[in-house]
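A.B. asks: Mind having a look at this structure? Questions to follow.
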Amino acid sequence: MYASVGEVAFLGLRATWNQALLGIEPRRDRVEPRFLRYVLLDMRNDLLRDVRSNTQANLNASQIGDIWFQRPPLDEQRAIADFLDQETARIDTLIAEQQRLIELLRERRVSTITRAVTRGIDENIPLKPSGVSSLGDIPRDWQVIRIKNAAKALIGLTYRPEDVVDSEAGGTLVLRAGNIQNDRLVFEDNVYVSSKIPEALRLTAGDIVICARNGSSKLVGKSAVVTPIALGQTWGAFMVALRSDMNNYLQWVLRSEIFKAETGLFSTSTINQLTSTTLHNLRFALPPVDERLRIADYLSKQTSTIDTLIAETEKFIALSRERRAALITAAVTGQIDVRDKVAG
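Residue numbers (the numbering used here): -14 to 329.
Here it is in structure tokens:
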């Protein structure tokens, strides 16, 4: 049962299953299958506490078979299942709508960034052909350059397993892909090393760290600007640090559709590497200095507003899931009488 331990689903077709799954055949003269599913869903957190492996979360048939639960009469089980089918479907529909809203907000975020770094923020500015298909027409006083003419890409530190130490041992923090979430640095599941760090591989103010290699191509290309807590630390060999005096603007180029189009990222599921050569050759539209500052300030405000809406929506989804779980618990444990609550 491994990574999905505790998940419960109906088998809707004739099939067999492998050793990672446990099949349950309900005795229909004693238990309504839908009711049993809700019971098991309610017990998932308890089941997770009973896992019996140091490396993988596993449950066995004996553990599942020994579960005790309240078993009301069959007609009441069916009533509870009908009620939960109805109410969880409503909640699931609401959650799906909110998830779609998040998708739309994220699309709006990327499109806002992309437009600003290719057209600027003035609606009526004169345009000229850029000569680059991914850029299209750009403002007349902008120029097309490559990243290598504006920044330097540096591959991170290679270290050995024996170099890894506890944070209390005074090691150097090594930023990895997991330290980048939603365009920001997070400091969870950190790795520290005792290795001697070359000065060129110590993070400085304004550096941008980018995931350059990963087992998942979806993670390649995600980036974040270095925050004060990471200054003087380093980054791993599967990461690239972009060093430039215009990173306040370049950070937005890296979050735009231009970055994906120019580097070929996400065009195929087999790509899982961004080389420094590819990054150096990325073409982008460079506005005058004052316009760069205006665009960076504009995008900071616009994306902050969108990010707030996304966070509020995610909070609503989390609360909806909590309500769903609480409703299942209340129904299968008899805390609420559902017999008159199902719509006819």
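Here a beta-carbon is modelled for each residue, glycine too, at the ideal position from N, C-alpha and C. Every value quoted in this text rests on a predicted model; they were computed, and no experiment measured them.
Quick test of your reading: residue 348 and residue 280, contact by CB under 8 Å. State the CB separation rounded to the nearest angstrom.
C.D. replies: Absent from the structure is residue 348, since the part of the chain shown begins at -14 and ends at 329.
A.B. asks: So for residue 138, helix, strand or coil by DSSP?
C.D. replies: Against the sequence shown, residue 138 aligns to sequence position 153. Residue 138 falls in the strand class under three-state DSSP.
A.B. asks: For residue 127, count the other beta carbons within 10 Å of its own beta carbon; 16 or more makes it buried, fewer makes it exposed. Which is it?
C.D. replies: As a first step, residue 127 must be located in the sequence shown, where it is residue number 142. Residue 127 is buried by the Cβ-count criterion.
A.B. asks: What does residue 113 pair with, by DSSP beta-bridge criteria?
C.D. replies: What you label residue 113 is simply residue 128 of the sequence shown in a count that begins at 1. According to DSSP, which records beta bridges pairwise, residue 113 is partnered with 123.
A.B. asks: Measuring alpha carbon to alpha carbon, tell me which residue in 196, 155, 146 and 157 is nearest residue 169.
C.D. replies: Counting from 1 along the sequence shown, the entry for residue 169 is found at position 184. Looking at the Cα atoms, 196 is the closest of the given residues.
A.B. asks: By the DSSP assignment, the beta strand (DSSP E) with residue 144 in it spans what residues?
C.D. replies: Residue 144 sits at position 159 when you count from the first residue of the sequence shown. Counting along the chain, residue 144 falls outside any beta strand (DSSP E), and DSSP gives it neither H nor E.
A.B. asks: Taking 8 Å as the cut-off, does the segment 12 to 30 touch the segment 59 to 68 (at least 3 CB pairs, one atom from each stretch)?
C.D. replies: These segments touch.
A.B. asks: Mind checking who residue 62 pairs with in its DSSP beta bridge?
C.D. replies: Residue numbering aside, residue 62 sits at position 77 when the sequence shown is read from its first letter. Per DSSP, none; premise fails for residue 62.
A.B. asks: Cutting at 8 Å between CB atoms, please list the residues of its own chain near residue 154, excluding the five before and the five after it.
C.D. replies: Reading the sequence shown from its first residue, position 169 is the one you call residue 154. Counting only Cβ-Cβ distances below 8 Å, and skipping sequence neighbours, we find 177 and 179.
A.B. asks: Mind checking whether residue 312 and residue 132 have CB atoms under 9 Å apart?
C.D. replies: Working through the sequence shown from its first residue, we reach residue 312 at position 327. Working through the sequence shown from its first residue, we reach residue 132 at position 147. Not closer than 9 Å, so no.
A.B. asks: Need the endpoints of the beta strand (DSSP E) that residue 160 sits in, please.
C.D. replies: The residue given as residue 160 occupies position 175 in the sequence shown. Where residue 160 is concerned, the enclosing beta strand (DSSP E) stretches over 157 to 160.
A.B. asks: Would you check if the segment 156 to 172 and the segment 206 to 217 touch, i.e. whether three or more CB-CB distances between them fall below 8 Å?
C.D. replies: Verdict: yes, contact present.
A.B. asks: Thinking C-beta only, is residue 189 closer than 9 Å to residue 228?
C.D. replies: To locate residue 228, count along the sequence shown from 1; it is residue 243. To locate residue 189, count along the sequence shown from 1; it is residue 204. The answer is yes: Cβ separation under 9 Å.
A.B. asks: Which residue comes first and which comes last in the beta strand (DSSP E) that contains residue 197?
C.D. replies: For the purposes of this step, residue 197 is identified with residue 212 of the sequence shown, where counting begins at 1. Element bounds for residue 197: n/a, residue is neither H nor E.
A.B. asks: Are the beta-carbon atoms of residue 243 and residue 143 separated by less than 9 Å?
C.D. replies: Residue 243 sits at position 258 when you count from the first residue of the sequence shown. Residue 143 sits at position 158 when you count from the first residue of the sequence shown. No, the Cβ-Cβ distance between residue 243 and residue 143 is not below 9 Å.
A.B. asks: Applying the criterion that 16 or more other CB atoms from any shown protein chain within 10 Å of the CB defines a buried residue, is residue 348 buried or exposed?
C.D. replies: Residue 348 is absent from the model: the chain starts at -14 and stops at 329.
A.B. asks: Is it buried or exposed for residue 62, if we count other Cβ within 10 angstroms and need 16 for buried?
C.D. replies: The sequence position of residue 62 within the sequence shown is 77, counting from 1. Looking at its Cβ environment, which holds 16 or more other Cβ atoms inside 10 Å, residue 62 is buried.
A.B. asks: Determine the direct distance from the alpha carbon of residue 266 to that of residue 231, and round the result to whole angstroms.
C.D. replies: On the sequence shown, position 246 is the one that residue 231 refers to. On the sequence shown, position 281 is the one that residue 266 refers to. If I take the Cα positions, the gap works out to 17 Å.
A.B. asks: Going by C-alpha distance, which of 167, 96, 106 and 1 is nearest residue 278?
C.D. replies: On the sequence shown, residue 278 is found 293 positions in, with the first residue counted as 1. It is 106.
A.B. asks: Is the beta carbon of residue 222 less than 9 Å from the beta carbon of residue 165?
C.D. replies: Taking the first residue of the sequence shown as position 1, residue 222 is located at position 237. Taking the first residue of the sequence shown as position 1, residue 165 is located at position 180. Going by beta carbons, residue 222 and residue 165 fall outside the 9 Å limit.
A.B. asks: Three or more beta-carbon pairs under 8 Å between the segment 199 to 211 and the segment 71 to 91, yes or no?
C.D. replies: no
A.B. asks: Residue range of the alpha helix (DSSP H) that residue 225 falls in?
C.D. replies: Here residue 225 refers to the residue found at position 240 when the sequence shown is read from its first residue. Taken as a continuous stretch (DSSP letters only), residue 225 belongs to no alpha helix (DSSP H), being part of the beta strand (DSSP E) at 224 to 228.
A.B. asks: Three-state secondary structure (DSSP) at residue 295?
C.D. replies: Position 310 of the sequence shown, counted from the first residue, corresponds to residue 295. Helix.
A.B. asks: What residue range is occupied by the uninterrupted alpha helix (DSSP H) comprising residue 22?
C.D. replies: On the sequence shown, residue 22 is found 37 positions in, with the first residue counted as 1. Where residue 22 is concerned, the enclosing alpha helix (DSSP H) stretches over 18 to 27.
A.B. asks: With the cut-off set at 9 Å, would you say residue 306 and residue 87 are in Cβ contact?
C.D. replies: For the purposes of this step, residue 306 is taken as the residue at position 321 of the sequence shown. For the purposes of this step, residue 87 is taken as the residue at position 102 of the sequence shown. For residue 306 and residue 87, no; Cβs fall outside 9 Å.
A.B. asks: To the nearest angstrom, how far is it from the Cα of residue 72 to the Cα of residue 299?
C.D. replies: Indexing the sequence shown from 1 puts residue 72 at position 87. Indexing the sequence shown from 1 puts residue 299 at position 314. The straight-line gap from Cα to Cα measures roughly 20 Å.
A.B. asks: Residue 97 and residue 336 - do their beta-carbons sit closer together than 9 Å?
C.D. replies: Any question about residue 336 goes unanswered here, given that the chain covers just -14 to 329.
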